[in-house]
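So the structure is just underneath, and the comments pick up after that.
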Amino acid sequence: MRKPIIEDTAKPVEPILSSSPPPSDGNTTFVAMRHRNYQLYFGGQLISNIGTWMQVIAQGWVVYQLGHSELTLGLVAFASAIPTLIISPWGGVVVDRVSRRNLLMMTQSGAMILAFALAALTFSNVVQEWHVIILAALLGVVNAFDAPARQAFVPEMVGKKDLPNAIALNSMMFNSARVIGPAIAGMMLAVIGAAWCFTLNGISFFAVLTGLWLMKLPPHQRRQQTTSPWQQLVSGLRYAAGTREIAALILLSLVFSIFGVSYFTILPAFVEKTLHQGAIAYGWVNTASGLGAVMGALLLANQVSHGRRGKLLVITNIAFPLILIAFAFVSIYPLSLLLAFGLGIGFMVQFTTINTLLQTRVEDSFRGRVMGLYTLTFFGFAPFGNLMIGALGEKMGLGFAMTLFAICSLVLSRVVLTKMPEVQSLP
């Protein structure tokens, strides 16, 4: 293993919380909740993410109804993620240089404005595909800074001891919203339309902004920067590439983002063409997947993977593509819900385990930049998979496209784990 390159000479200290958290009552599933700042963060993010999932579902449905094109669904996803490909490494540099709470308040405010803009266009009945593509691209710019900031902010709220539990609870919160949001969106789409989904998403951002504002954190202490942003970016890349475990985890995230979860892009078309269902069923397929993800997050929060995270990662790398292949050809609606539940578990366990292993191994001085690279793989390269699966689905069929991507995910993940086998033994 090459020795990581360190450019910060001062050893970072454990974040100082506003007050000492009460001792744990022995319940390890929700131990991170003993931190008041994390309680505020969790509650605000839960409400905001419910709104976000409502917008995701409504936006996909609106775009597909405008043109009935799988390729356009891929283009919207491409537009939302391509800014992340360009900006997120720099976003990680910014995260390591500024107050993470202030940065999050700025990004969340930006996302709120974009949600209200989409709602206004939809209410006025002038929304077109290019409107959605532009707004999705602007949201991608916001997310390029927001995602690494949120990842790096967690240790400031809970410290290192409760960090794995907080990451698992974050995943549970995100996917609880993924259960609630699509269910609400499916009903609202059928009853009062997409515009109200976008409006409620905009309103939901007030919850997370209020939570961030109420947090009691020590004043941000700016480190004296002895290197330029470019030098910081390069040193972060060298650190990630020179630490084999971190490099392997980022590569696994890359493979899974491009080939594993891109099926979600063509899900509206799958529900209509393969399952022969409408908006409500589309919401329930997403809800089933979200329920599976919540189940996976609860298992991880209860530390069932403690000491066996590497082995669990290997298992899900095999199981998820196999479930996706089965899902690709199912035409029975109840069976599709069951398989979607399994896909949710696989998605959750995979990405939460990768996130936890990264966060518990990265040095504090590189945290923002490494999580920026994680964001780059999670969001930045995903558009290429989204665009490819949209084009393949339109030309060759939805089942063929999903199956091909599942096989690529399985094979490439095995290549990474074979070349870097130490990941399989990570605790």
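Here our numbering is used: the first residue of the sequence shown is 683, the next is one more, and so on. By construction, the Cβ of each residue, glycine as well, lies at the ideal position given by its N, Cα and C atoms.
F1033 sits buried, since 16 or more C-beta atoms from the chains shown fall within 10 Å of its C-beta. If only complete runs of 4 or more residues are kept, the stretch 974 to 1027 shows the alpha helix (DSSP H) at 991 to 1010, in order along the chain.
Contact between the stretch 1088 to 1106 and the stretch 791 to 804 is absent: fewer than three C-beta pairs spanning the two stretches fall below 8 Å.
Sixteen is the threshold: when 16 or more other Cβ atoms of the shown chains lie within 10 Å of the Cβ of V713, as they do, the residue is buried. H717 counts as buried, since no fewer than 16 other beta carbons sit within 10 angstroms of its beta carbon.
Put simply, the backbone Cα of M1053 is about 23 Å away from that of S858.
Restricted to the stretch 703 to 745, not a single alpha helix (DSSP H) segment is unbroken, complete and at least 4 residues in length.
With fewer than 16 other CB atoms across the displayed protein chains lying within 10 angstroms of its CB, P901 is exposed. Burial is judged here by how many other beta carbons sit within 10 angstroms of a residue's own beta carbon; M1070 has at least 16 and is buried. For P765, the closest of A819, I732 and L936 by C-alpha to C-alpha distance is A819. The Cβ atoms of L845 and Y945 do not sit closer than 8 Å to each other. CA-to-CA, the gap between T1035 and S751 works out to about 35 Å.
DSSP, read as helix, strand or coil, puts R782 in helix.
Here the alpha carbons of F880 and F798 stand approximately 7 Å from one another. Here the stretch 1037 to 1053 makes no contact with the stretch 958 to 972; the two share fewer than three CB pairs at distances below 8 Å. Contact between the stretch 717 to 729 and the stretch 864 to 876 is absent: fewer than 3 CB-CB pairs across the two stretches fall below 8 Å. Taking the CA atoms as reference points, V840 sits about 45 Å from L748. If you draw a straight line from the Cα of P1003 to the Cα of F1023, it comes to about 14 Å. DSSP places E927 in the uninterrupted alpha helix (DSSP H) bounded by R926 to V937. Residue environment for L896: exposed (fewer than 16 other C-beta atoms within 10 angstroms of its C-beta). Its chain contains G992 as the residues whose beta carbon lies nearer than 6 Å to that of S1107, once the 5 sequence neighbours on both sides are disregarded; these appear in chain order.
Residue state for D844 is assigned as coil, using DSSP reduced to three classes. If you draw a straight line from the Cα of I940 to the Cα of F1063, it comes to about 6 Å. In the structure shown, K898 falls within a coil segment according to DSSP collapsed to helix, strand and coil. When DSSP states are grouped into helix, strand and coil, Q959 belongs to the coil group. Using a Cβ distance threshold of 8 Å, L894 and R783 count as a contacting pair. For H813, the closest C-alpha among the options V758, A834 and S935 is that of V758.
Taking C-alpha positions only, T1042 is separated from Q737 by approximately 32 Å. As the crow flies, the alpha-carbon of I1027 is around 7 Å from that of M977.
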